[in-house]
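Engineer: Protein chains in written order, with this note's numbering: chain A, 2 to 189; chain C, 2 to 189. Input: one structure, supplied below.
Number of protein chains: 2
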Amino acid sequence: MRVSQQEMEKSHRRILHGAARLVRERGIENTSVNDVMGDAGMKNGGFYRHFESKEALIDASLQAAFDQVIEYVEAHLNKHGPEGLLAGYRSYYLSPGHVEHPGTGCPVAALAGDVGRGPDSLKASFGAGLKRMVETLSKAMPGSAREKKERAMREFASLVGAVVIARASDPETARAVLAACRRVPKEG
Amino acid sequence: MRVSQQEMEKSHRRILHGAARLVRERGIENTSVNDVMGDAGMKNGGFYRHFESKEALIDASLQAAFDQVIEYVEAHLNKHGPEGLLAGYRSYYLSPGHVEHPGTGCPVAALAGDVGRGPDSLKASFGAGLKRMVETLSKAMPGSAREKKERAMREFASLVGAVVIARASDPETARAVLAACRRVPKEG
DNA sequence: GTGTTTAGAGGACGGTTGACATCTAATTAG
DNA sequence: CTAATTAGATGTCAACCGTCCTCTAAACAC
């Protein structure tokens with residue numbers, strides 16, 4: 002049955018944000034259009050009124066996920082300042098909460114592996130989100146513009162690696178890796 | 002048709018090592034039993050004479066992949082000593098060759114994302130391989146036993162993160178991330 | 001109020017998957 | 001040399017996938 006424009010926009014957002022979460026929880030290939038529509042409280046039939054294809058949905062939901070986490074980092078930066086962000090974000094990123102809830106966490110830690118096997122178009126849009134993320138983090142780094150960016154990349158890479166490893170390990174190994182990575186205050 | 006015992010053992014190895022490569026190239030869910038058997042020059046029918054299930058194959062091929070890379074690291078260590086390993090392995094790990102050929106590279110960078118969404122049994126066996134890897138790397142680290150291990154974990158996490166990010170990005174972003182991560186000589 | 005438009009339901013489609021049952025040809029034990 | 005064994009080929013099975021078609025009831029424009 003038809004639905005008012007407002008309802009349709011709400012449906013669209015439900016589909017998009019639900020997909021952004023499901024995709025981070027289950028991976029790109031393991032998230033079906035059916036699952037996404039079911040999560041949004043609908044049947045699969047109406048999907049193609051909202052998105053041209055699954056690929057288009059994935060693209061849009063990835064950007065939505067990046068928007069969400071970048072907004073979080075910006076807010077943190079504005080509230081606690083550069084050095085507050087550095088320590089605070091690292092602490093959040095390596096926390097059990099983040100490790101155990103990929104659906105609301107960093108899309109890079111959750112999906113980089115999948116994207117790496119995807120088409121170049123997907124890598125391009127993922128790379129764009131990644132660039133935005135690194136630029137945001139670099140605001141909290143010391144040094145020249147170039148140094149800021151390189152420090153942000155190194156910091157981000159080590160956080161992503163730690164969480165990816167922790168999620169793929171038994172609980173004991175995961176704890177050990179997170180603890181070791183939490184204990185790195187300064188960089189050469 | 003039946004085949005001699007030697008031929009069967011060769012078949013087994015072909016299936017296993019082919020799977021270890023294919024799985025790193027395509028991911029766990031995107032590698033079908035058909036693909037693996039085809040890669041080994043056979044049809045799917047005989048697969049269950051060699052492995053109990055796809056899960057058993059994945060488990061075995063993961064361990065085979067860990068065996069392979071750990072052997073490589075050990076050889077490097079014996080040939081170039083601790084500090085030679087540190088610089089050499091980092092340089093190899095962040096090289097375009099490794100980034101572009103996941104099939105013969107580190108199983109952690111290639112599959113941690115997939116394993117993180119897999120069953121606990123898979124995480125346990127992956128964690129065991131990971132532990133072996135870290136222990137091998139820790140031989141090249143300075144400090145107490147605990148420090149060695151923690152340094153190895155941090156080093157490994159940042160390498161994995163860098164490669165995972167590089168593989169998921171457009172070529173330009175990938176180069177920038179790898180360059181930034183290559184430029185980290187000492188640790189606090 | 002009437003007629004047009006359309007969001008979503010429901011179902012069908014061809015394709016692929018992991019798993020397995022059956023058959024056959026060749027090995028291997030006696 | 002014969003008979004039992006078995007690796008691999010062939011084909012089937014249900015479950016799932018993304019996509020698209022049709023239908024209908026509700027929201028619109030007039």
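For each residue, glycine too, the CB sits at the ideal point set by N, CA and C.
1) For the alpha helix (DSSP H) holding C:R118, just list the boundary residues, first then last.
2) Please list the partners that A:K140 has in chain C, where partner means a Cβ-to-Cβ separation under 7 Å.
3) First and last residue of the alpha helix (DSSP H) that includes C:Y93?
4) How far does the alpha helix (DSSP H) with C:A1 in it extend, from its first residue to its last?
5) Against chain C, with Cβ distances strictly below 8 Å, would A:N31 count as a contact?
6) Against A:I71, what residues of chain C qualify as contacts under a CB-to-CB distance less than 9 Å, listed in chain order?
7) Based on Cα-Cα distance, which residue from C:P172, C:A125, C:V109 lies nearest to C:F67?
8) Which of helix, strand or coil does DSSP assign to A:R183?
9) Anyone know if the C-beta pair for C:L179 and C:V74 falls short of 8 Å?
10) Nearest chain A C-beta to C:A61 closer than 8 Å, yes or no?
11) What are the start and end residues of the alpha helix (DSSP H) that includes A:I29?
12) Going by CA-CA distance only, name the one from C:E173, C:R118, C:G114, C:L123 that's closest to A:V201.
13) State yes or no: is the C-beta of A:G128 within less than 8 Å of the C-beta of C:T174?
14) Kindly list the residues whose CB is nearer than 6 Å to the CB of A:L87, restricted to its own chain and excluding five residues on each side of it in sequence; keep chain order.
15) State the Cα-Cα distance for the pair A:A65 and C:S12, rounded to the nearest angstrom.
16) Using the beta-carbon of each residue, which ones in chain A are nearer than 7 Å to C:S170?
17) For C:A177, would you say it is in contact with chain A, using Cβ-to-Cβ distances shorter than 8 Å as the test?
18) Kindly list the residues whose CB is nearer than 8 Å to the CB of A:K44, restricted to its own chain and excluding five residues on each side of it in sequence; keep chain order.
19) As a quick exercise: from C:H81, C:L131, C:E72, C:T32, pick the residue whose alpha carbon is nearest that of C:L58.
20) Please identify, using Cβ separations under 8 Å, the residues of the segment 84 to 116 of chain C that lie next to chain A, in order along the chain.
21) Take C:H51 and list the residues in its own chain whose beta-carbon comes closer than 6 Å to its own, dropping the five residues that flank it on each side.
22) Out of A:S92, A:E8, A:Q69, state which residue places its alpha-carbon closest to the alpha-carbon of A:G106.
23) Cutting at 8 Å between CB atoms, please list the residues of its own chain near C:H77, excluding the five before and the five after it.
24) How long is the line joining the alpha carbons of C:Q6 and C:V165, rounded to whole angstroms?
25) Distance check for A:A20 and A:F48, CA to CA, integer angstroms please.
Structural biologist: To lay it out plainly:
1) Here residue 118 of chain C is taken as the residue at index 117 of the second sequence, counted from 1. Per DSSP, C:R118 belongs to no alpha helix (DSSP H) and is neither H nor E.
2) Translated into positions along the first sequence, residue 140 of chain A becomes position 139. In chain order: nothing, as chain C lies at least about 16 Å away.
3) Looking up residue 93 of chain C in the second sequence gives position 92. 55 to 94 is the span of the alpha helix (DSSP H), which, as asked, contains C:Y93.
4) Here chain C covers residues 2 to 189 and nothing more, so residue 1 of chain C does not appear.
5) Against the first sequence, residue 31 of chain A aligns to sequence position 30. True, the Cβ-Cβ gap to chain C drops below 8 Å.
6) Mapped onto the first sequence, residue 71 of chain A falls at position 70. What A:I71 touches in chain C, judged by beta-carbon distance under 9 Å, is nothing: the nearest beta carbon there is about 16 Å away.
7) As a position in the second sequence, residue 67 of chain C is number 66, starting the count at 1. Residue nearest to C:F67 within the set C:P172, C:A125, C:V109 is C:V109 (criterion: CA-CA distance).
8) Residue 183 of chain A sits at position 182 when you count from the first residue of the first sequence. In the structure shown, A:R183 sits in a helix (DSSP, three-state: H, G or I).
9) The sequence position of residue 179 of chain C within the second sequence is 178, counting from 1. The sequence position of residue 74 of chain C within the second sequence is 73, counting from 1. Pairing C:L179 with C:V74 gives a Cβ-Cβ distance that is not under 8 Å.
10) Taking the second sequence and counting its residues from 1, one reaches residue 61 of chain C at position 60. Chain A contact via Cβ: absent.
11) As a first step, residue 29 of chain A is located in the first sequence; it is residue number 28 there, counting from the start. Note, A:I29: premise wrong, no alpha helix (DSSP H); not H, not E.
12) There is no way to answer for residue 201 of chain A, as the model of chain A reaches only from 2 to 189.
13) Here residue 128 of chain A refers to the residue found at position 127 of the first sequence. Here residue 174 of chain C refers to the residue found at position 173 of the second sequence. Yes.
14) Within the first sequence, residue 87 of chain A is the residue found at index 86, counting from 1. Apart from the 5 residues on each side of it in sequence, A:L87 sits with its Cβ closer than 6 Å to the Cβ of A141 in its chain, given in chain order.
15) Start at 1 with the first residue of the first sequence, and residue 65 of chain A comes out as number 64. Start at 1 with the first residue of the second sequence, and residue 12 of chain C comes out as number 11. Distance between the alpha carbons of A:A65 and C:S12 is about 47 Å.
16) The count along the second sequence starts at 1 and reaches residue 170 of chain C at position 169. Neighbours of C:S170 in chain A, taken as residues at a C-beta separation under 7 Å, are given in chain order as K124, F127, G128, L131.
17) Against the second sequence, residue 177 of chain C aligns to sequence position 176. Closer than 8 Å: yes.
18) As a first step, residue 44 of chain A is located in the first sequence; it is residue number 43 there, counting from the start. Residues of the same chain with a CB within less than 8 Å of the CB of A:K44, apart from the 5 flanking positions on each side, are M38 in chain order.
19) Working through the second sequence from its first residue, we reach residue 58 of chain C at position 57. For the residues C:H81, C:L131, C:E72, C:T32, the minimum Cα distance to C:L58 belongs to C:T32.
20) P103, V109, A111, L112, A113, G114, D115, V116
21) Indexing the second sequence from 1 puts residue 51 of chain C at position 50. Here the set comprises H13, I16.
22) Taking the first sequence and counting its residues from 1, one reaches residue 106 of chain A at position 105. When C-alpha distances from A:G106 are compared across A:S92, A:E8, A:Q69, the shortest belongs to A:Q69.
23) Position 76 of the second sequence, counted from the first residue, corresponds to residue 77 of chain C. Result list for C:H77: G85, L86, G89, Y90, in chain order.
24) Within the second sequence, the letter at position 5 stands for residue 6 of chain C. Within the second sequence, the letter at position 164 stands for residue 165 of chain C. Roughly 41 Å between the two C-alpha positions.
25) Along the first sequence, read from residue 1 onward, the residue named residue 48 of chain A stands at position 47. Along the first sequence, read from residue 1 onward, the residue named residue 20 of chain A stands at position 19. Taking the straight line from one Cα to the other gives about 12 Å.
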